[in-house]
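Data block below; observations after.
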Amino acid sequence: MKSKITLLFLLSLFIVSCSGDDDAKSKQFEFLEFEKDVVLPSLNSGDITFLAIDFDTNLGNWDLKLTDEDGTVLAAVLDRVEDTRIGFADKRIQRVAFKAAPKNEGVYTLVIKNKTTDQVYTDHFIVRSKTFNKINYQYVEDYTILFAHSSNEQEPTQDYIYFHNIKNTIQSSILTSGISGIRLEDVSTFKSYDLEYSINSNTKKVEFIISSGVPAGKYFLSVRYNNLIDTYFEKDIVVQEEKMPVISSINKAAFKGGETMVLKGSNFRYNFNLDLLPGSAYRYYKSRTALVFTDLYGTGEIELSAYESDASFKYMNAQATEVNYPIPVKTVDKFFFFVSDKEATYFEGTVALRTGPYISDPMKIRIDFK
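Take the sequence shown: its letter number 262 is residue 513 in the numbering used here, and every next letter is one higher.
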């Protein structure tokens with residue numbers, strides 16, 4: 252009997268010991284992105300931050316190694332892990348800060364190792380002497396992770412998806428004289444692509460277009476100057492290929508209120524390359540899609556939602572090849588406010604379909620409400 256009790260006691264110790272080891276282990280974390288992929292040189296140690304999911308808050312469970320492009324190891328000290336206000340599903344987004352002083356321009360490699368799981372993650376950021384942080388284009392597709400911030404926090408630089416053959420405008424106040432070019436550099440290979448650009452005569456802003464010859468991927472964007480003092484956008488940018496929506500047919504050209512307009516074609520909803528977007532396993536990334544109505548007096552849109560909870564979701568089929576839009580009986584119904592006369596008796600113009608920044612060729616239509 253005594254031997255049985257001893258055996259049970261030892262077994263219980265073994266189970267407790269194993270449970271303790273499991274509890275001490277960190278979860279597998281996911282690195283999302285640096286808050287700034289291009290940072291300014293620093294003589295003194297300061298914060299460099301990145302966003303993550305399931306990053307162990309026990310700072311002692313981590314090893315950080317930071318090296319420059321010559322292989323020189325720099326001091327990098329993990330400083331804090333904070334929860335942000337934003338979450339994906341049941342995953343809270345964390346801001347992780349480490350102290351470092353990368354004083355020279357170049358490419359820096361950060362290696363993060365968890366001591367309890369042996370998980371290793373490696374990523375890169377670059378140091379440049381001049382940066383800017385505002386680019387825009389019409390119908391932006393935004394994937395900014397920290398889309399909300401507190402009043403005492405710095406406003407995050409917007410993360411937009413950039414597309415082939417769409418005009419982009421640098422909204423930051425940068426020097427527009429002496430520009431020698433606009434360049435993209437692949438974040439992994441640093442292969443470069445020179446872009447078509449111009450300076451808008453009215454706004455005096457720099458505009459550029461990413462051609463189809465640039466592969467979809469992630470890039471550093473820079474404005475190059477004749478004096479060789481270049482300025483870099485402080486986030487890497489995601490480039491995705493052109494997918495133009497095409498309306499191949501419409502069921503008729505003249506409608507009455509209460510009838511259904513049927514559009515058939517292809518690429519009615521842009522599907523992103525999710526491998527290029529951070530946290531895509533937790534976050535719902537869908538392009539914005541709309542019907543675009545235009546007449547002599549202007550243009551307006553009816554959204555075709557990507558969310559099942561919205562009424563307009565059911566207007567498009569799952570293959571994104573057909574739209575069945577129920578034209579309201581009256582113009583006041585369902586927020587259809589596009590009319591071509593003061594009495595609101597008809598609409599005459601065109602309908603097109605927009606997905607992301609791309610708009611199909613228009614189809615002529617007329618709708619009589621009375």
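Backbone N, C-alpha and C fix where the C-beta goes; we use that ideal spot for every residue, glycine too.
Nearest to residue i (by Cα), restricted to the options the options
{"i": "residue 488", "options": "498, 466, 481 and 475", "result": "466"}
{"i": "residue 514", "options": "307, 613 and 344", "result": "613"}
{"i": "residue 592", "options": "310, 450, 609 and 621", "result": "621"}
{"i": "residue 368", "options": "429, 306, 425 and 559", "result": "306"}
{"i": "residue 471", "options": "482, 464 and 462", "result": "482"}
{"i": "residue 348", "options": "523, 334, 338 and 538", "result": "334"}
{"i": "residue 534", "options": "394, 325 and 293", "result": "394"}
{"i": "residue 569", "options": "520, 413 and 508", "result": "520"}
{"i": "residue 294", "options": "459, 320 and 356", "result": "356"}
{"i": "residue 281", "options": "449, 559, 498 and 365", "result": "365"}
{"i": "residue 608", "options": "397, 493 and 549", "result": "493"}
{"i": "residue 522", "options": "500, 557, 499 and 504", "result": "557"}
{"i": "residue 490", "options": "554, 500 and 461", "result": "461"}
{"i": "residue 250", "options": "563, 361, 541 and 547", "result": "Summary: the structure shown does not reach residue 250, with the chain confined to residues 252 through 621, and so no result is reported for it."}
{"i": "residue 457", "options": "619, 565, 473 and 322", "result": "473"}
Cα-Cα separation, residue i to residue j
{"i": "residue 603", "j": "residue 445", "result": "33 Å"}
{"i": "residue 479", "j": "residue 351", "result": "27 Å"}
{"i": "residue 277", "j": "residue 340", "result": "20 Å"}
{"i": "residue 291", "j": "residue 506", "result": "59 Å"}
{"i": "residue 296", "j": "residue 353", "result": "8 Å"}
{"i": "residue 438", "j": "residue 283", "result": "15 Å"}
{"i": "residue 424", "j": "residue 527", "result": "29 Å"}
{"i": "residue 477", "j": "residue 516", "result": "47 Å"}
{"i": "residue 551", "j": "residue 589", "result": "7 Å"}
{"i": "residue 584", "j": "residue 594", "result": "At residue 584 the pLDDT is 49, less than 50, meaning the model places this residue with poor confidence and gives no usable figure here."}
{"i": "residue 561", "j": "residue 319", "result": "50 Å"}
{"i": "residue 486", "j": "residue 498", "result": "36 Å"}
{"i": "residue 567", "j": "residue 537", "result": "14 Å"}
{"i": "residue 361", "j": "residue 406", "result": "25 Å"}
Beta-carbon spacing of residue i, residue j below 8 Å
{"i": "residue 383", "j": "residue 285", "result": "no"}
{"i": "residue 411", "j": "residue 392", "result": "yes"}
{"i": "residue 363", "j": "residue 313", "result": "yes"}
{"i": "residue 578", "j": "residue 512", "result": "yes"}
{"i": "residue 571", "j": "residue 518", "result": "yes"}
{"i": "residue 431", "j": "residue 379", "result": "no"}
{"i": "residue 381", "j": "residue 427", "result": "no"}
{"i": "residue 302", "j": "residue 370", "result": "no"}
{"i": "residue 617", "j": "residue 543", "result": "no"}
{"i": "residue 330", "j": "residue 374", "result": "no"}
{"i": "residue 615", "j": "residue 596", "result": "no"}
{"i": "residue 580", "j": "residue 509", "result": "yes"}
{"i": "residue 416", "j": "residue 463", "result": "yes"}
{"i": "residue 308", "j": "residue 328", "result": "no"}
{"i": "residue 433", "j": "residue 414", "result": "no"}
{"i": "residue 418", "j": "residue 372", "result": "no"}
{"i": "residue 337", "j": "residue 397", "result": "yes"}
DSSP three-state assignment for residue i, whether helix, strand or coil
{"i": "residue 566", "result": "helix"}
{"i": "residue 526", "result": "helix"}
{"i": "residue 505", "result": "strand"}
{"i": "residue 336", "result": "strand"}
{"i": "residue 614", "result": "strand"}
{"i": "residue 464", "result": "coil"}
{"i": "residue 594", "result": "coil"}
{"i": "residue 316", "result": "strand"}
{"i": "residue 559", "result": "coil"}
Extent of the continuous beta strand (DSSP E) run through residue i
{"i": "residue 309", "result": "No beta strand (DSSP E) holds residue 309; DSSP gives it neither H nor E."}
{"i": "residue 578", "result": "Segment: none, residue 578 is in no beta strand (DSSP E) and carries neither H nor E."}
{"i": "residue 517", "result": "511 to 517"}
{"i": "residue 375", "result": "371 to 378"}
{"i": "residue 435", "result": "430 to 437"}
{"i": "residue 302", "result": "297 to 304"}
{"i": "residue 288", "result": "Where residue 288 is concerned, there is no enclosing beta strand (DSSP E), given that its DSSP letter is neither H nor E."}
{"i": "residue 390", "result": "Here residue 390 belongs to no beta strand (DSSP E), and DSSP marks it neither H nor E."}
{"i": "residue 599", "result": "597 to 606"}
{"i": "residue 351", "result": "342 to 351"}
{"i": "residue 484", "result": "482 to 484"}
Beta carbon proximity, residue i to chain B, threshold 8 Å
{"i": "residue 492", "result": "Looking at the structure shown, chain B is missing, and only one protein chain is on hand."}
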